[in-house]
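First up is the structure itself, then whatever we jot down about it.
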Amino acid sequence: MSLCVLFAAGEDSFAEYQAPLLAGFDENGLAVRLVTDAPAAEVDYIIYAPSRPLQDFPPFTRCKAVLSLWAGVERIVGNPTLTQPLARMVDPALTRGMVEYVCGHVLRYHLGMDAHIRALPGDWEPAEPPLAPERKVAILGLGELGSACARALADFGFDVAGWSARPKGLAGITCHHGAEGLEATLRHAEILVTLLPQTRDTDCIVNARTLALLPRGARIINPGRGGLIDDAALLAALESGQIGGATLDVFRVEPLPADHPFWADPRVTVTPHIAATTRAASAARVIVANIARSARGEPLLHVVNRARGY
Ligand code: NAP
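What follows is the structure in structure tokens.
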């Protein structure tokens, strides 16, 4: 009997995902009816994007799992109608994209590239940057993405510290955890990277109090979620010189409204939520592998913990 897989992540995305999904199901010997519409009671699996209209899950009585194309789950994790397991996107291509984004912006700040990119004719002020081992970088969040970025930065030679909810051991990284580990992590952050999920506990974690714990002139790179940052506190810290610059990829409201002060502040670089995109070819392999596991009766990978919110 064939499985009914509902692609509920948008008609436009379906054009990209249909071929790699069908090829993957075929390679895995799975007979699948891949559809964008079907009677709810016939659906075995839902491929999902939190930005899409589907919010009411009880009619999907035989659905065994909802598989999100997004890594961040803050828009769906609290949905009380969703009782099926929710798997989020963990994908090597997504991770690689994030590592490249984070390393690129860390190196930009580390090397002081902006001074040269923005130099005017006649500006000739050689300044020797420290080498990577003399540069302290800290990462809030040591999950799939944060730990990959931490490893890449440590491989580069940076002095890297990281912070997670639970204790963690990563070779070459100074790992802190829990509320008591936050201050030590922040004090280590000449460059701070925020790769936490958006939850009740992480909302506005970058605020006036925590910004004050960073070394003066620290730079911030936020590819996590906009809600991690208290925007007004960051703008005040930029104004006072406590923070030397910020690169922000994610915002409370997206697209970032044209009149938001971040756009006008020369110390802020805005990128339009492009740090790590879900690419159809690799994401389809992840989804197919997870459905195949479930169909064989094996536990799903990357299941979201509802209590923790990520
Ligand atoms: P993940 O694997 O779930 O890792 C989350 C990390 O945050 C874990 O280390 C976790 O600690 C830590 N954490 C969560 N709550 C915490 C708290 N209250 N205190 C301390 N540490 C806490 O997530 P991921 O795959 O790395 O993704 C991280 C986030 O990146 C996503 O949630 C998403 O918002 C964002 N993202 C952005 C883009 C983009 O293009 N900008 C793309 C993909 C993802 P434990 O390890 O102890 O659980």
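Counted from 1, the sequence shown has number 436 at position 285 by the numbering used here; the numbering is strictly sequential. Virtual Cβ for every residue (Gly too), placed ideally from N, Cα, C. Bear in mind the structure is a predicted one, so any value in this text is a computation, not a measurement.
First and last residue of the uninterrupted beta strand (DSSP E) at residue i
i: T398; result: 394-399
i: L185; result: 183-186
i: I198; result: 196-199
i: I268; result: Note, I268: premise wrong, no beta strand (DSSP E); alpha helix (DSSP H) at 264-268.
i: N373; result: 369-373
Per-residue DSSP class, three states only, for residue i
i: L237; result: strand
i: S153; result: coil
i: L407; result: coil
i: R469; result: Limits of the chain in this structure are 152 at one end and 461 at the other, which puts residue 469 out of reach.
i: T246; result: helix
i: R360; result: helix
i: Y168; result: helix
i: F208; result: coil
i: L173; result: helix
i: V228; result: coil
i: F158; result: strand
i: A384; result: helix
i: V217; result: strand
i: A415; result: helix
i: L455; result: Checking the sequence shown, residue 455 turns out to be Val, not Leu. In this structure, V455 counts as coil in the three-state DSSP scheme.
For residue j and residue i, believed in contact at Cβ under 8 Å, the rounded distance
i: C238; j: L451; result: Before going further, note that residue 238 is Ala rather than Cys in the sequence given. 5 Å between Cβ atoms; contact.
i: A312; j: T325; result: 4 Å
i: I371; j: I394; result: 6 Å
i: A340; j: A278; result: Actually they are not in contact, since the Cβ atoms of A340 and A278 sit about 21 Å apart, beyond 8 Å.
i: L233; j: Y196; result: About 14 Å; that fails the 8 Å criterion.
i: L282; j: R302; result: Not quite, the Cβ-Cβ distance comes to about 19 Å (not below 8 Å), so this is no contact.
Bounding residues of the alpha helix (DSSP H) (the contiguous stretch that carries residue i)
i: V439; result: 431-446
i: S202; result: From DSSP, S202 is part of no alpha helix (DSSP H); its letter is neither H nor E.
i: I380; result: It is not in any alpha helix (DSSP H) - I380 carries neither H nor E in the DSSP assignment.
Residue i: CB within 6 Å of a non-hydrogen atom of the ligand SAM
i: E285; result: For the ligand SAM, the structure offers nothing, since it holds only the ligand NAP.
Runs of beta strand (DSSP E) wholly within the stretch 278-353 (minimum 3 residues, chain order): 287-291, 310-315, 325-328, 342-345
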